[in-house]
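Have a look at the structure below, then the notes.
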């Protein structure tokens, strides 16, 4: 930026009226930027989306360099030859993961992760207290103009247990989970956190994303204990930690689809001895919904607050609507009057970073560094599911230092590391490097440390052993451009 021929053009495609004061402030802050604001309908219907986008002149598409959108995208990559950043107004990116911008380009995609923490945390606490304080009973009395019976029963509003000393389990300790943890601790609760990969150092526990001032847990100091791992046993181990209230805030991936089902509900309730309350503000399919209904009906679970369901909208004949221990809302926990302002703050921050050539905010897997672990009971393994779920960009030229340490490996079995570039094995990527070791004599053993002056899109390992586990770190030692290096997931 800053003059010259490469003038920026931001195209805003958002389902709400233009926030004129915010847009005008951006124009004043960045005078070298053109901003086009085009309001679209709030719909996921592809035909309706295309109808809205057809109203835009083709010249705008050809000129745009930054696309700010919730779900509206160009029909094809060739329509946006100058595009160099997609800024999403949502915390997740699952709505764009099948689009060529995501699958076939190296254009960075930044999310609005971090802006929802305050309002979603308030929704979580509100709905949990509605259940624990028997508020629905009190509301029914108000509607009936009744003061209420003074006689106490075992399950009425006279018998309320406050949150002091209870344990909150946060399944996915991201920006939302951190703010819920902050509020819960203020109510006197103990907080335990679960993440996909270990957070065993102070640096790993920090929140690197956007944080609303005065909220969250930037340094990861609130949890009294941390748990990790995507395999079922690690998940069950976490759920067995005497949790009274579980917050579900993990992203929806193939690894997390039906992440919680009958076995997990049994573990959470200590085999029915201590029914817990479950809150889902992530995505509906993370929970096996028919099994959830069973657990709520047979009292394996004490109750649930669901802002997301499977499917959405929730069908009118779903049993969830009428269960007395369930609160259902139409995916609104993250909405609020501050949403638009905060999402534009992330856009403004990224515009400043583009000017300076700094790493962009909320662009997942812009490796600097990335830690990973692996474990496969088969011939081949690669990055774990936590890395795989992130919006992963096509690579740019960069120098990488790649190193591994094997922690569990048959010492008599050869191990072969294979690097490709351009594409993965299934699509004929160019072979970059192969390393074979016979045998591995000690554990842990540093397998490989090398410099690759190339885009690295795929890394796999092959071994004749039945099981291999390990971990490592990838560091960018020098970058070729602002985008840096990125890793492409195993297909």
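In this note's numbering, the protein residues as written are 570 to 1060. We put the beta carbon where it would ideally sit given N, CA and C, even for glycine.
Under the three-state reduction of DSSP output, residue 585 falls in the coil class, being neither helix nor strand.
The residue among 746, 773 and 656 with its C-alpha nearest the C-alpha of residue 760 is 746. In the three-state scheme derived from DSSP, where H, G and I count as helix and E and B as strand, residue 795 is classed as strand.
Going by C-alpha positions, residue 792 is about 25 Å away from residue 826.
In this model, residue 606 and residue 591 are separated by some 12 Å (Cα to Cα). Under the three-state reduction of DSSP, residue 890 is assigned to helix. Looking at 834, 875, 641 and 864, the one whose alpha-carbon comes closest to that of residue 852 is 875.
If you draw a straight line from the Cα of residue 839 to the Cα of residue 651, it comes to about 56 Å. When rounded, the separation of the alpha-carbon atoms in residue 593 and residue 911 is 16 Å. The beta carbon of residue 895 lies closer than 8 Å to those of 865, 872, 873, 874, 875 and 889 in the same chain, with the five residues before and after it left out. Between residue 903 and the set 824, 735 and 690, the nearest pair of CA atoms involves 690.
Taking the Cα of residue 695 as reference, the smallest distance to any Cα among 892, 877, 848 and 883 is reached at 848. Shown here for residue 608: same chain residues with a beta carbon closer than 8 Å to its own, the five before and five after excluded, namely 583, 584, 585, 586 and 587 in chain order. Non-local beta-carbon contacts of residue 907 in its own chain, meaning distances under 6 Å to residues more than five positions away in sequence, are absent.
Looking only at 819, 809, 640 and 828, the smallest Cα-Cα distance to residue 837 is reached by 809. Looking only at 647, 648 and 679, the smallest Cα-Cα distance to residue 917 is reached by 679. Cβ-Cβ distances below 6 Å link residue 879 to 853, 854 and 858 in the same chain, with the five nearest sequence neighbours on each side left out; the list follows chain order. The alpha helix (DSSP H) runs of length 4 or more contained entirely in the segment 695 to 781 are, from start to end of the chain, 704 to 712 and 744 to 755.
Spatial neighbours of residue 764 in its own chain (CB-CB distance under 6 Å, excluding positions within 5 residues in sequence) are listed in chain order as 742 and 797.
Counting along the chain, no alpha helix (DSSP H) covers residue 602; the unbroken beta strand (DSSP E) around it starts and ends at 602 to 608. The DSSP assignment places complete beta strand (DSSP E) segments of no fewer than 3 residues inside the segment 629 to 705 at 635 to 638 and 654 to 657, in order along the chain.
By the 16-neighbour rule on beta-carbons within 10 angstroms, residue 820 is buried.
Selection 919, 637, 813 and 801 evaluated against residue 830 yields 801 as nearest (Cα-Cα). Secondary structure at residue 831: helix, using DSSP grouped into helix, strand and coil.
Take residue 648, set aside five residues on each side of it, and the residues of its chain with a beta-carbon closer than 6 Å to its own are 630, in chain order. DSSP, read as helix, strand or coil, puts residue 919 in helix. CA-CA distance, residue 715 to residue 721, rounds to 16 Å.
In the three-state reduction of the DSSP assignment, residue 807 falls in the helix class, which pools H, G and I. Looking at the DSSP output, residue 578 bridges to 603.
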